[in-house]
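Protein chains in written order, with the numbering used here: chain Z, 1 to 298; chain P, 1 to 439; chain X, 1 to 393; chain F, 1 to 255. By construction, the Cβ of each residue, glycine as well, lies at the ideal position given by its N, Cα and C atoms. Computed from a predicted model, the values in this text were never measured in an experiment. This report concerns only the one structure given below.
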Amino acid sequence: MTEVLKEKKSYADWPGTVWVNESLDWKEAKIVSAGIDVGSVSSKFVIMSDGEIAGYSAFRTQKSSEYSSQYVTNALFDKMDHISLDNIHYIVATGYGRVQVPFSNKAITEIACHARGANYIYGPTIRTILDMGGQDLKIIKCDERGKVLNFVMNDKCAAGCGRAFEVLADLVRIPIEELGPMSLKVEGKVDPVSSTCVLYAKSEVMGLLREGVPKERVLAAYFEAMKNRVIELIKRVDFEPEFVITGGIAKNPGMVKRIEKELGVKVPESKVDPMIAGAVGAAIFAKTLCEKTDKKSS
Amino acid sequence: MTEVKIRPIKVWDEFKKVRAKYYKDISEAKEKGGLLWSGSGWSLANIPSGLGDDVYFLYGEPYAATLAWFKDYAAESQEYMDQIGVARDACSYLRVYWSSALRGTFILTDGTVVKYPEPNFYWTVHICDSHAKWYQHIAVRRGVPMKALDVCVGPGNQLNEKKIRYVVNQLHDSIKWMEKVTGREYSDELLIKRTYQALEYMCRWSRIVNYNKSVPAPIEEKSLFSFYTVFEGPWDKLEKEIQERVKKGLGALEGVEERGRILGDMQPPWPVLTEFYRYMEYKYGVNPIGSLYIYAIAGAWKALDEKGNFVWEPVKFEELLEKYELTNRDEALRATAETFLRHHGMWQTFYDSSFKRKAVLSMTEEWKADGMLLFMNRGCEGLAISQLDYYHALREKGFPVATWEGNFADPRDLDIPKIHHTIDTFMARLGINPLDSES
Amino acid sequence: MLKLIENLSELKRFSEWVDTRHDYAQRWKKETGGKVVGYICTYVPEEILYAANILPVRILGSKVPDSSSRVYHHDMWCPFSHDCLSTALRGDFDYLDGIVTTLSCLHMRQVFWLMRDKCEFDWSYFIPFPHGTTNNPYAEEYAASELENFKVAVEEWTGSKITKSDLEASIEIYNKNRKLMKKIYELRKGDNPPITGLHSMEMVLASQLVDKKAHNEVLESLLEKLENVESDREQGSRLMLIGSENDDRDFMRLVEYEINYPATFVFEEHCTGARYFWSQISQNNNLVEALAKYYVDRIPCPSKDWGAAEGKDERRRFSFIKEIAKEYRVDGTILMQQKFCNPHELDIPGLRDLFKELNIPTYTLEFDQTTPVGQFSTRVEAFLESIGEEILF
Amino acid sequence: MISVGIDVGSKYTKVIVIKDDKEILGKSIDETGFDVKAKTTEMFKSTLKQAGINEKEVGNVTVTAIRKELVPFANREVPKVVAIAKGAYFISPNVRTVIDAGAEEVVAVKVAEDGKFTDYAVSEKCAAGSGAFIDAMVNALGEPYEKFGELALEGTQDIPINDQCVIFAESEVVGLVSSNVPLSNISRAIHVALADRISSIAKKIGIEEEVMIIGGLANDVGLITFMEKNLNVKVNVPSEIKPQLVTAIGAALSY
């Protein structure tokens, strides 16, 4: 076992991002609100000036939620002119680690935040949202305000989630962002791997590779299985085609293309990284709460 | 070395035709003015027969098994059930049946998919935790009348007048209810005729599987599965053919001596039926001679004695005839109820794990088995009851036993290489080498 | 005032009783010299046992992860049944003189057989009982005959007759217990219920574990206090809990005390809730028949709730749930089910239809041996956000 | 006669060269990787070289845990259970119960006095009792710990790990770390959970002494300690040879 631990090169790693909206000056805003989304795999932070995105950052979640929340906020603060926690009027935390963020004013679930965020990013016509996070799959139905009507989540099984692709990346030794494009290189029908359990699918993948099946094909089989798992959940709500995908996997064409094809829809493009939708929703809630409670924290 | 083959059963073609016609008739029953009803295969099917000669029965479980046999269609059906949010661990037969009814499609034995034949009514017994709830849901969704019967009065060796009456009363009510929902008049004469047939069939089935106690066993389990639901088949011919084999000492396999006698306990893995049985037979020359399921599900057995021991002795049809005078409705209902309650082997297993344990232990002796492969079937909780109980009993006795897991109606949960590996390991346990390694 | 209610000695007593159930039973045994019998399903007529000076205690699990049950008990049997069995295998029930069950679901039947065979109890009894109690006109008569047999078996075991007055007295105590618990439940109809779901759960659990006489005394004094106080707890969303056996106090605590939004359970329908006590036994001449009638007519467990359908759903439990949801002005419903609990799983599609018709939002949660706090708090919070929290928009 | 046994595990491949069923001349362990043919060929050659044996002298090459077709120079394959029983019996003829705790599977095997196996049980559908579980947990802790197993023995507190799904159990562990639970207690919790799962599989075949544990996890002293507690017997670990190699020895002896 200990031998295993020494080889620590990870193909699952991805670089963090920091982005600042140069056309906005946060100092002029009436309300500076922020949303922080601490997920099991990645942590995202968004600052808004009067409801417009002023900047965001995203990194892999580290040891603890508290540590990650500080890490991701500091990363953005470093790049934004003189801003600090003191300048932010209201902060909403969301995600798996939402209650462990020491500096938030309120915690709201990622389900509500993703719906609100998607409503902001893609417009009020959006009705069905698929959020693919690190350990969770959520299908959310919402109204024109971005309020959740109902939702389903995966139970006790991490199949189809971000973590599953990290496991796969490490197994096949291909950087995580290349998995999707590679899996799409295969033409024709590919049978899915039969197990959706992350660990068992892993050994099935290993078996296929050992039998000499080309990597692309094996990846396609894995993606097919994960896609089926997602579709199964989507079908449990009254699917409406005004549909978007948020979360980290929204950037994985291997999943997105397959889901689009299966559902016969096209997911709209957006200028905003779909990965930060939850944090965006949280920042909007923060603004609303700030207005309604008239309590500026500073 | 001669090639190993299944010794063909001559009368099979006739059975096959009857079976194909059976499903065809079901799909066309109502168009032709007949009646169709559906319910659990455990139901006392002779009862609705009193409604006329044109009454057809869509047996829930055998239909589900047929559906499961068509691997792709089964996978598609199971996926549909996942999508509409019916628990994955729910009865797997129920799941594929629901998918058929809810989607309005129906698969025939040749694989043709036709429209789901809407029954005139659902009528069922409820022995496990799913049967009545299975038809109740479909009945509500499709707006069809439904009635279920409680037959859980305890084991056959503790029957008394009150218990029997409890079931018979419900049967009387059922007949009145059937008359009401179909608008037909019920014929007691027809009931009596069908009751004879039903009892005769049960006695016959236990005789047929009883022949497999001979060495070599004349028939293998996959064939038994093909025959047992074809109630209207040429049973006399089949029985003669099997008797003939026993007399001549012919086993179920051609080209090899019987190298081992393997028992199972459950329904088979329908989607991989061939891959499961033929692998054992052709690679190792062993005979899967049957299972607790195939022996107990359709036969009339002496079953439980006073001490709770399970007696694997077929009930003689003549004895039943002596016991019951089938001259009126009540007598026919009583004969039916009591025969099922007392002599249906599988019904006993729901009341005490010791009955099932004893039945299994004595089964391995009576059928002179070399080993038993237990199918931990995730698709049927009713029959999975007490599996680990008798597993340990067999193990502690030193009888070769092993378990494997899967779902009998879900191809997604049946891994062929793994199943083959289980068989290989178990054969190694029995010291039986592959045929080709010894040539 | 909030603190006042939380600190009521009666509520603390319930919770203590639940926590120290094994000690209680052993003490009771020592003090009274009577026998203690474990029952596995709430269809067991405790009244008959109690009339014979036996303390009936419900077999419950202990919420400790333990795989020892998996050696004998199928992986696909429900986690509650596994928990009960592994608790028994660890020897926690060794003080029991006997165990009883009735024809309940398959999983709990299997627990009964395994406990009987693996632990050495002096006595055990399996009561055949109607498997279906809905639309079944013959169930009562048949049940009475089986309960009579059970009574005789108890008499044979203890060596003394259960007289008519013994049984009468027992039924009276049990009826009183049911009546008092129902009264307390009914206080939850109004705004700001004086008692939370956690407290009610502990009340019912305690009732299943201790001498009903002692339980009645506490109930009476609690009722008196509760009738005169009003909770100043923020009630938040009024929730109803529907489903399988549930003694998961961590879950109740999570929803009512720990998550980010206020919420209060105003009704629990399961067999550790209303299904256990909602109706009364009508004392008539033949007490065993009266018992049979009660157990056949009580709000059924889904495993017994089937029978007929003439174009509409005739599940008795559904009509009860429908009435309660209206009467208790429920904002949302949590359908909880023990993982692998088949009878409940098969009722869920119908229940979803029912609540759709009532226009009451539902959310389904699958329970395991222990509560996944993180996962459940997100789900429940999101559910509460969807049925309330207009402030966010 | 020279026999070679090759055990192709999901993570590691093990090769043994044995003479006259008695004397181990060569042994090796290496990561399996994707190319089984190349890897086994390479290991086959290097192990023979290590043993000072010429390829022509080899009488039998038996593989286990993989199809023979994938290892072209093998002339026989045996089910893993057969190899486990033979290998353990070779190490100690008194062994009656063998527990193979590998990377993705737990197998328990009952061995009779003559060395033949009788009962066996295999973990199904859940990786909770396997090496992958520990790997994932250690991974969740963020950094490698060389002596993670020993650390468990220093733990003092009972913390239940509830989730059986490896991925979710990871987040439980992360949760424990962020609530500043001492690492020794976390390690203890993980090992107790693991020992519980593995023991319940072993109990399915009935525990009879002498009990031996083999496979990668047999090196984990934390696991052994808690298994001994759970099963209430002494659990022996092969001392003369790495416990991972036992199955390959068994394969070499199966011809």
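Neighbour flag for P182/F against chain X, beta carbons, 8 Å: For the purposes of this step, residue 182/F is taken as residue 182 along the fourth sequence, with counting starting at 1. Not one chain X Cβ lies under 8 Å of P182/F.
K161/X (DSSP reduced to helix, strand or coil): Working through the third sequence from its first residue, we reach residue 161/X at position 161. In this structure, K161/X counts as coil in the three-state DSSP scheme.
Reference G155/F, options A74/F, L223/F, G175/F, R188/F, closest by Cα: Indexing the fourth sequence from 1 puts residue 155/F at position 155. Looking at the Cα atoms, R188/F is the closest of the given residues.
For I54/X and L167/X, the rounded distance between their alpha carbons: Residue mapping note: residue 167/X aligns to position 167 of the third sequence, counting from 1. Residue mapping note: residue 54/X aligns to position 54 of the third sequence, counting from 1. Cα to Cα, the separation comes out at about 12 Å.
Straight-line Cα distance separating E256/X from S196/X: Counting from 1 along the third sequence, the entry for residue 196/X is found at position 196. Counting from 1 along the third sequence, the entry for residue 256/X is found at position 256. It is worth fixing the name first, because residue 196/X is Thr in this sequence and not Ser. Near 8 Å, if we compare the C-alpha coordinates of E256/X and T196/X.
Collapsed DSSP secondary structure at Q375/X in the structure displayed: Taking the third sequence and counting its residues from 1, one reaches residue 375/X at position 375. Correct three-state label for Q375/X: helix.
Contact belief for Y23/P with L108/P at Cβ below 8 Å, rounded distance in angstroms: Looking up residue 23/P in the second sequence gives position 23. Looking up residue 108/P in the second sequence gives position 108. With 8 Å as the limit, Y23/P and L108/P qualify as a contact, their Cβ atoms being about 5 Å apart.
Under 8 Å between C-beta atoms of G26/F and T47/F: Within the fourth sequence, residue 26/F is the residue found at index 26, counting from 1. Within the fourth sequence, residue 47/F is the residue found at index 47, counting from 1. Yes, the Cβ-Cβ distance between G26/F and T47/F is below 8 Å.
Other residues of its chain near A74/F: CB distance less than 6 Å, five sequence neighbours each side excluded: Counted from its first residue, the fourth sequence places residue 74/F at position 74. Excluding residues within five positions, the ones whose Cβ falls inside 6 Å are V61, V63, K68.
Per-residue contacts from Q100/Z into chain F (C-beta, under 7 Å): If you number the first sequence from 1, residue 100/Z lands on position 100. Within 7 Å Cβ-Cβ: S178.
Local conformation of R238/X per DSSP, three classes: As a working note, residue 238/X is residue 238 in the third sequence. The answer is strand: DSSP assigns R238/X an E or B state.
Segment limits, beta strand (DSSP E) that includes T246/Z: Counting from one through the first sequence, the residue named residue 246/Z turns up at place 246. Note, T246/Z: beta strand (DSSP E), 243-246.
Sequence ranges, alpha helix (DSSP H) only - wholly within the segment 299-361 of chain P, length at least 4: 317-323, 329-343, 345-348
Per-residue contacts from S10/F into chain Z (C-beta, under 8 Å): For the purposes of this step, residue 10/F is identified with residue 10 of the fourth sequence, where counting begins at 1. The contacting residues are S203, M206.
Simplified DSSP state of Y125/X, which is helix, strand or coil: Stepping through the third sequence from its first residue, residue 125/X is reached at position 125. It is a strand residue.
L24/Z in three-state terms, based on DSSP: Position 24 of the first sequence holds residue 24/Z. DSSP places L24/Z in coil when its eight states are reduced to three.
Burial state of S437/P (16 or more Cβ within 10 Å): Indexing the second sequence from 1 puts residue 437/P at position 437. So S437/P counts as exposed.
Anticipated Cβ contact below 8 Å, R114/Z with I91/Z, distance rounded: Taking the first sequence and counting its residues from 1, the one referred to as residue 114/Z is at position 114. Taking the first sequence and counting its residues from 1, the one referred to as residue 91/Z is at position 91. Reading off the sequence, residue 114/Z comes out as His, not Arg. Not a contact, Cβ separation roughly 18 Å.
Chain-ordered neighbours of L149/Z on chain X, where CB pairs are closer than 7 Å: Taking the first residue of the first sequence as 1, we reach residue 149/Z at position 149. Per Cβ cutoff of 7 Å: S386.
Buried/exposed call for G431/P, threshold 16 Cβ in 10 Å: Within the second sequence, the letter at position 431 stands for residue 431/P. The residue is exposed, with fewer than 16 neighbouring Cβ atoms inside 10 Å.
Residues of its chain near H344/X, where Cβ-Cβ distance is below 8 Å and the 5 sequence neighbours each way are ignored: As a working mapping, residue 344/X is identified with position 344 in the third sequence. The answer, listed in chain order, is G243, S244, P302, Q337, Q338.
Which residues DSSP lists as bridging S68/X, in chain order: If you number the third sequence from 1, residue 68/X lands on position 68. None, per the DSSP bridge assignment.
Cutoff 8 Å: S183/Z Cβ touching any chain F Cβ: If you number the first sequence from 1, residue 183/Z lands on position 183. Cβ-Cβ to chain F under 8 Å: no for S183/Z.
Exposure of R116/Z, with buried meaning 16 or more beta-carbon neighbours within 10 Å: Within the first sequence, the letter at position 116 stands for residue 116/Z. Label assigned to R116/Z: buried.
G311/X: contacting residues in chain P (beta-carbon distance under 9 Å): Translated into the one-based positions of the third sequence, residue 311/X becomes position 311. Simply A139, V140, G143, V144, P145.
Q50/F - DSSP class collapsed to helix/strand/coil: As a working note, residue 50/F is residue 50 in the fourth sequence. Note: Q50/F maps to helix in three-state DSSP.
Option nearest A369/P by Cα separation, candidates L383/P, D265/P, Y56/P: Taking the second sequence and counting its residues from 1, one reaches residue 369/P at position 369. Taking only the C-alpha atoms, the option nearest A369/P is D265/P.
CB of I66/F within 8 Å of CB of M212/F, strictly: As a working mapping, residue 66/F is identified with position 66 in the fourth sequence. As a working mapping, residue 212/F is identified with position 212 in the fourth sequence. Contact flag unset, no.
Three-state secondary structure assigned by DSSP to A277/Z: Walking along the first sequence from the start, residue 277/Z turns up at place 277. Correct three-state label for A277/Z: helix.
Closer than 8 Å to chain P by CB, S303/X: By one-based count along the third sequence, residue 303/X stands at place 303. Yes, its Cβ sits closer than 8 Å to a Cβ of chain P.
Chain P within 8 Å of P238/F, Cβ atoms only: As a working note, residue 238/F is residue 238 in the fourth sequence. Chain P, which has no Cβ nearer than 8 Å to the Cβ of P238/F, makes this no.
6 Å CB neighbourhood of Y211/P in its chain, flanking five on each side removed: In the second sequence, the residue the question calls residue 211/P occupies position 211. Within the same chain, Y211/P has close Cβ partners P218, I242, V246.
Reduced DSSP secondary structure (H/G/I, E/B, other) of A29/Z: For the purposes of this step, residue 29/Z is identified with residue 29 of the first sequence, where counting begins at 1. Three-state result, A29/Z: coil.
Per DSSP, the bridge partner or partners of R142/P: Within the second sequence, residue 142/P is the residue found at index 142, counting from 1. Paired residues: none, contrary to the question.
Members of the segment 206-240 of chain Z that neighbour chain P once the beta carbon cut-off is set at 8 Å: N228, I231, E232, K235, R236
C-alpha distance - H107/X paired with P79/X, whole-angstrom precision: Position 107 of the third sequence, counted from the first residue, corresponds to residue 107/X. Position 79 of the third sequence, counted from the first residue, corresponds to residue 79/X. Taking the straight line joining both Cα atoms gives about 10 Å.
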